[in-house]
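Everything on this sheet refers to the single structure shown next.
Residue numbers (our numbering): 47 to 148.
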């Protein structure tokens with residue numbers, strides 16, 4: 047699987063809370079109107095929505111995620127949040143840890 051790591055637009059902020067070889071935990075804030083491109087990486091990912099809501103595409107299947115809900119993204123799956131209608135804050139957990147972020 048070829049990883050297509052996401053370059054974050056300026057309307058997205060990322061705070062790395064934990065980053066080890068075993069796992070990575072990141073807090074993300076995405077401003078309304080952001081349309082990040084779909085991407086893939088070998089890491090399994092769990093996203094937990096703190097505020098806002100999002101439609102998430104995972105290998106072409108779209109799932110709506112509300113505050114207090116989580117979604118699992120298998121390693122290697124092409125995925126991404128679709129255009130945000132409102133600001134979003136969420137946590138992202140990756141395993142194994144992300145070697146491409148600090």
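Virtual Cβ for every residue (Gly too), placed ideally from N, Cα, C. All values derive from a computational prediction rather than experimental measurement.
- Sequence-distant Cβ neighbours of residue 89 in its own chain, meaning closer than 7 Å and more than five residues away, are 121, 140, 141, 142 and 144.
- Taking C-alpha positions only, residue 106 is separated from residue 66 by approximately 30 Å.
- A straight-line Cα-Cα distance of about 7 Å links residue 130 and residue 81.
- Per DSSP, the continuous beta strand (DSSP E) segment holding residue 141 begins and ends at 134 to 141.
- Residue 147 is positioned such that its CB atom lies closer than 8 Å to that of residue 62.
- Linking residue 57 to residue 123 through their CA atoms gives a straight-line distance of about 24 Å.
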